[in-house]
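Undergrad: Residue numbers (the numbering used here), protein chains in the order written: chain A, 1 to 428; chain B, 429 to 856.
There are 2 protein chains.
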Amino acid sequence: MERFINPDRNQWQALTQRASASYASLEPLVKTVFNAVEKEGEQAVKNYTLEFDKVEIQNIVVSKQEIVQAVDRVPNELKVAIKRAKENIMRFHEAQITAPVEVETQPGVSCWQKKLPIEKVGLYIPGGSAPLFSTVLMLAIPAKVAGCQEIVLCSPPDSNGLLADVILYTANLCGVDSIFKVGGMQAIAGMTLGTESIPKVDKIFGPGNQFVTVAKQLATQYQVSIDMPAGPSELMVVADKTGNPDFIASDLLSQAEHGPDSQVILVTNDIEIADATFEKVAEQLEKLERKSTAQKALNNSKVICFDNDQELLDFVNRYGAEHLIVCLDNETEFVNQIKHAGSIFIGNYTPESAGDYASGTNHTLPTNGYVRQYSGVNLDSFLKAITYQKITADGLIDLGPVIEAMATAEGLQAHKNAVSIRLKTLKS
Amino acid sequence: MERFINPDRNQWQALTQRASASYASLEPLVKTVFNAVEKEGEQAVKNYTLEFDKVEIQNIVVSKQEIVQAVDRVPNELKVAIKRAKENIMRFHEAQITAPVEVETQPGVSCWQKKLPIEKVGLYIPGGSAPLFSTVLMLAIPAKVAGCQEIVLCSPPDSNGLLADVILYTANLCGVDSIFKVGGMQAIAGMTLGTESIPKVDKIFGPGNQFVTVAKQLATQYQVSIDMPAGPSELMVVADKTGNPDFIASDLLSQAEHGPDSQVILVTNDIEIADATFEKVAEQLEKLERKSTAQKALNNSKVICFDNDQELLDFVNRYGAEHLIVCLDNETEFVNQIKHAGSIFIGNYTPESAGDYASGTNHTLPTNGYVRQYSGVNLDSFLKAITYQKITADGLIDLGPVIEAMATAEGLQAHKNAVSIRLKTLKS
């Protein structure tokens with residue numbers, strides 16, 4: 001971990017820079033995959049699974065029987081934990097339900113807004129070294145709370161052509177309608193275009209590697225929307241002398257173990273905390289199974305000390321972390337001044353992993369500075385708002401002249417006529 | 429207007445098809461513009477304004493003095509109308525403010541969600557034959573209600589290098605911070621990348637032609653988000669015998685006058701209404717200033733009659749209109765079954781132009797079937813949600829084992845450690 005003391009503002013651009021994957025360099029390959037799936041359908045999906053995932057799949061659909069068997073095999077203790085997490089996540093997302101907005105903007109002019117579920121949603125669950133069933137919870141629960149009619153899930157098969165039992169268990173528990181053993185670009189292409197078995201969806205959710213990310217961005221050119229562009233995960237810890245170096249080190253490492261491109265930053269006004277955390281990181285790192293991955297991430301990581309509180313706050317806002325842990329004496333005041341972050345974890349007993357799994361908040365969050373304009377996945381991500389209006393005859397008599405004047409000024413005579421022709425019948 | 433009676437479901441795909449602009453064919457030109465603006469900054473913006481808009485601009489920034497003079501020149505009657513519209517639009521968008529969501533998901537585990545404004549937003553106001561100041565209202569008002577810190581507006585200059593007085597008046601009235609005489613792809617590139625005078629924004633809003641639409645989609649590859657992909661405007665009217673053919677004709681024509689690619693459809697269960705509306709359209713069309721534009725749009729327009737109510741409803745949902753006017757005896761029952769539409773206008777005295785200008789709802793809406801997954805512009809379009817959590821020591825003692833079990837099952841030992849290391853201090 002490199003250390004910086006009171007870095008000058010002109011250094012901040014470099015200090016907040018993420019390793020950016022190049023969209024342009026990956027796009028041609030992703031387009032090829034989309035074109036093949038468009039032309040050859042499911043056969044193309046299977047061909048790419050063989051080519052990229054090195055496994056030949058006869059039937060990409062997970063059967064009811066496979067699910068029943070998987071549910072059987074998941075240890076009971078794990079089921080209990082998953083159900084506890086599910087309850088918390090459901091509670092937090094149900095609390096996000098909003099009543100319709102209804103306003104009589106002026107007498108006789110009623111306007112309202114109602115949120116309706118997005119009908120068909122596709123959830124992408126990445127594969128890799130471990131079965132990320134927690135992401136199933138984070139995407140399927142709000143989809144179900146929103147009332148989405150069809151929930152489709154794709155995840156890459158392992159070398160035996162199977163999905164992990166716990167993925168199937170969790171998907172089934174959360175009411176996913178269909179599960180496919182397909183990953184990568186070909187999964188995104190499949191959900192975007194539809195194949196013989198994979199339904200074409202309206203919106204695609206979920207994290208993934210750089211190919212999946214580019215595929216999701218390409219999908220937006222095919223009548224599909226996406227939750228957000230995703231990138232390598234990030235954690236920033238802000239601590240003063242009230243922070244606990246042992247805890248902070250464990251948080252930094254929990255992020256570092258995700259992948260060699262994970263972003264890990266400690267910002268502090270206390271050089272002793274920085275030094276002590278350094279030591280604890282080294283100590284804890286030794287005992288990690290994923291030590292070599294974490295070590296690589298730590299090589300790009302930073303400890304930044306600021307004497308000036310305002311500079312510290314400005315830097316934290318400038319960085320815009322996906323995950324922000326705040327261990328400060330004046331935590332409330334500080335947090336109220338944070339403008340850009342994905343999810344904020346406050347105090348010494350709030351590790352990021354609580355939000356990753358079980359506290360209730362969503363762990364699918366914007367990275368790479370996209371916190372400036374994107375929300376993390378939440379209930380609204382699965383809804384769309386429709387507006388309605390009804391105007392009475394008297395309402396139109398009052399509002400009509402305003403519309404007529406504006407339409408005339410915009411040179412849109414037929415827009416004016418639509419009002420005038422009605423007013424004429426009301427005044428005669 | 430072509431007429432269809434009880435079209436078979438296998439015809440629906442064709443009947444709901446929009447004229448789709450090809451992203452691929454326009455992309456190379458749009459990329460060239462982005463690259464030039466990235467390299468040469470504002471000079472490139474000026475060069476393209478000369479090339480595409482045929483006007484040489486020395487200074488693209490609208491000065492305070494220009495605004496003062498414009499405000500002076502706008503007729504008082506129009507000012508009064510705009511202010512009335514502003515009040516209604518503000519009232520409806522203020523009603524969309526939501527309180528923070530706060531939940532103790534389990535004892536000692538507090539989770540909350542708060543919406544914060546997107547800091548810098550860019551509003552694109554198209555030019556063309558008329559000054560679309562109503563779009564300024566529809567974008568700047570919710571931006572201001574949301575609390576966006578910097579509101580930037582770009583609109584193409586006329587042949588004298590100027591913006592219409594009423595655009596400047598409305599922008600000033602709504603609290604826009606800076607206004608630029610720049611349109612088209614170069615405006616989108618300018619707000620995406622920033623130039624000497626145009627600030628780089630976080631999110632870009634507003635309608636535009638196909639070049640602007642492709643430019644907005646390209647912008648999403650440069651750390652900018654957009655409101656939605658936009659296309660030619662659409663209106664569907666659903667009427668039974670309670671509809672008024674004169675009113676319906678005026679609504680269809682108000683949409684048709686927008687442009688030759690406007691989509692206009694009448695769906696009815698009453699052939700007499702269809703026939704009568706045909707006549708009224710022909711009659712009203714003769715008197716329109718924009719007759720030739722409207723005529724072109726009508727050439728692609730359709731009247732569709734269904735005997736079967738369920739078929740009619742299904743077709744309306746399948747089409748997913750940007751604007752949907754409902755004049756039916758059972759209007760409430762019907763509207764409650766609509767799943768896909770942008771904005772719905774109910775009853776004989778609710779012309780679409782009310783929502784275009786002054787009733788309070790937003791007129792920036794998804795087209796081309798994107799109502800399936802996008803909301804129209806609303807207050808939330810200018811906000812992002814951040815989640816927060818704070819766990820007490822006791823809360824972690826209770827929830828910790830759940831997190832540990834799940835992290836272990838995902839093979840993420842450091843995630844588990846972040847909990848274990850805290851629990852150890854609490855239990856000792």
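Virtual Cβ for every residue (Gly too), placed ideally from N, Cα, C.
Check the Cβ of R850 (chain B) against every Cβ in chain A and list those closer than 7 Å, keeping chain order.
TA: Correct list: F247, Y349, P351.
Undergrad: Determine the chain B residues that contact D158 (chain A) at a beta-carbon separation under 9 Å, and present them in chain order.
TA: Here the premise fails: no neighbours, minimum Cβ distance about 13 Å.
Undergrad: Taking the alpha helix (DSSP H) that S155 (chain A) belongs to, which residues open and close that run?
TA: Counting along the chain, S155 (chain A) falls outside any alpha helix (DSSP H), and DSSP gives it neither H nor E.
Undergrad: With F608 (chain B) and I626 (chain B) assumed to form a contact (beta carbons below 8 Å), what rounded beta-carbon distance in angstroms separates them?
TA: 6 Å
Undergrad: Is the shortest distance between the beta-carbon of D784 (chain B) and the beta-carbons of chain A less than 8 Å?
TA: yes
Undergrad: Does DSSP put Y23 (chain A) in a helix, a strand or coil?
TA: helix
Undergrad: Check the C-beta distance from Q614 (chain B) over to V489 (chain B) and give it rounded, since I have them as a contact under 8 Å.
TA: Actually they are not in contact, since the Cβ atoms of Q614 (chain B) and V489 (chain B) sit about 15 Å apart, beyond 8 Å.
Undergrad: Less than 6 Å between C-beta atoms, sequence neighbours within five positions excluded: which residues of the same chain meet that for L365 (chain A)?
TA: E322, G342, S343, G376
Undergrad: Whose CA, out of B:H791, B:N487, B:A722, lies closest to the CA of I553 (chain B)?
TA: B:H791
Undergrad: Residues of the region 187-206 of chain A in Cβ contact with chain B at a cutoff of 7 Å, in chain order, please.
TA: D202, K203
Undergrad: In chain order, what residues of the same chain have a beta carbon less than 7 Å from the beta carbon of K715 (chain B), not counting five sequence neighbours either side?
TA: Residues of the same chain with a CB within less than 7 Å of the CB of K715 (chain B), apart from the 5 flanking positions on each side, do not exist.
Undergrad: Just how far apart, CA to CA, sit L116 (chain A) and D500 (chain B)?
TA: 45 Å
Undergrad: Since H751 (chain B) is in the beta strand (DSSP E), which residue starts that stretch and which ends it?
TA: For H751 (chain B), the enclosing beta strand (DSSP E) begins and ends at 751-755.
Undergrad: Does the region 732-746 of chain B come close enough to the region 647-654 of chain B that 3 or more CB-CB pairs lie under 8 Å?
TA: These segments do not touch.
Undergrad: Are the CB atoms of S250 (chain A) and A842 (chain B) within a distance shorter than 8 Å?
TA: Going by beta carbons, A842 (chain B) and S250 (chain A) fall inside the 8 Å limit.
Undergrad: Pick out whichever of B:K572, B:V604, B:E717, B:F743 has its Cα sitting closest to the Cα of N697 (chain B).
TA: B:F743
Undergrad: Are L15 (chain A) and I89 (chain A) close, meaning C-beta to C-beta below 8 Å?
TA: The criterion of a C-beta distance shorter than 8 Å is not satisfied by L15 (chain A) and I89 (chain A).
Undergrad: Might you give, ordered along the chain, the residues of its own chain that have their beta carbon closer than 7 Å to the beta carbon of Q712 (chain B), omitting 5 neighbours on each side?
TA: A677, S678, L681
Undergrad: Taking C-beta pairs closer than 9 Å, name the residues in chain A that G687 (chain B) reaches, listed in chain order.
TA: Those within 9 Å of G687 (chain B) in chain A number zero; the least Cβ separation is about 11 Å.
Undergrad: If contact means a Cβ-Cβ distance below 9 Å, which residues of the region 683-711 of chain B contact chain A?
TA: Q683, A684, E685, H686
Undergrad: For the alpha helix (DSSP H) that G190 (chain A) lies in, which residues bound it at each end?
TA: Note, G190 (chain A): alpha helix (DSSP H), 184-193.
Undergrad: Roughly how far, in whole angstroms, is the beta-carbon of A405 (chain A) from the beta-carbon of Y777 (chain B), given that I think they are within contact range, below 8 Å?
TA: Actually they do not touch by this definition, with Cβ atoms about 18 Å apart.
Undergrad: Quick one: measure Cβ to Cβ for V109 (chain A) and A509 (chain B), integer angstroms, because I've assumed they're closer than 8 Å.
TA: For V109 (chain A) against A509 (chain B), the beta-carbon gap comes to about 15 Å, at or over 8 Å, which does not count as contact.
Undergrad: Please tell me whether I632 (chain B) and G550 (chain B) are closer than 8 Å, where the distance is taken between their beta carbons.
TA: yes
Undergrad: Can you give the Cα-Cα distance for V604 (chain B) and A574 (chain B), rounded to whole angstroms?
TA: The straight-line gap from Cα to Cα measures roughly 13 Å.
Undergrad: So, is the C-beta of P559 (chain B) closer than 8 Å to a C-beta in chain A?
TA: yes
Undergrad: Using a Cβ-Cβ cutoff of less than 8 Å, which residues in the same chain neighbour K83 (chain A) once the five nearest sequence positions on both sides are dropped?
TA: L173
Undergrad: How far does the alpha helix (DSSP H) with F743 (chain B) in it reach, from first residue to last?
TA: F743 (chain B) -> alpha helix (DSSP H) spans 737-747.
Undergrad: Quick one: which unbroken beta strand (DSSP E) runs of 3-plus residues sit fully inside the region 462-547 of chain B? Chain order, please.
TA: 529-534, 537-545
Undergrad: Using the rule of at least 16 other Cβ atoms within 10 Å of the residue's Cβ for burial, across every protein chain shown, is Q69 (chain A) buried or exposed?
TA: Around the Cβ of Q69 (chain A), a 10 Å sphere holds fewer than 16 other Cβ atoms; the residue is exposed.
Undergrad: How many whole angstroms separate the CB atoms of I346 (chain A) and F4 (chain A), which I take to be in contact at a CB cut-off of 8 Å?
TA: At roughly 25 Å, the Cβ-Cβ gap does not stay under 8 Å, so I346 (chain A) and F4 (chain A) are not in contact.
Undergrad: Since Y552 (chain B) sits in a beta bridge, which residues does DSSP pair it with?
TA: Per DSSP, B:C582.
Undergrad: Would you say the beta carbon of V101 (chain A) is closer than 7 Å to some non-hydrogen atom of the ligand NAD?
TA: Judged by which ligands are present, the structure shown has none, so any question about the ligand NAD falls away.
Undergrad: Secondary structure at Q221 (chain A), three-state DSSP: helix, strand or coil?
TA: When secondary structure is reduced to three states using DSSP, Q221 (chain A) falls in the coil class, being assigned neither helix nor strand.
Undergrad: Exposed or buried, A647 (chain B), counting other C-beta atoms within 10 Å across all chains shown (16 or more means buried)?
TA: buried
Undergrad: Considering only the alpha carbon of each residue, which of A:G41, A:I397, A:Q337, A:A256 lies closest to W299 (chain A)?
TA: The residue you asked about is not Trp; residue 299 (chain A) is Asn in the sequence shown. For the residues A:G41, A:I397, A:Q337, A:A256, the minimum Cα distance to N299 (chain A) belongs to A:A256.
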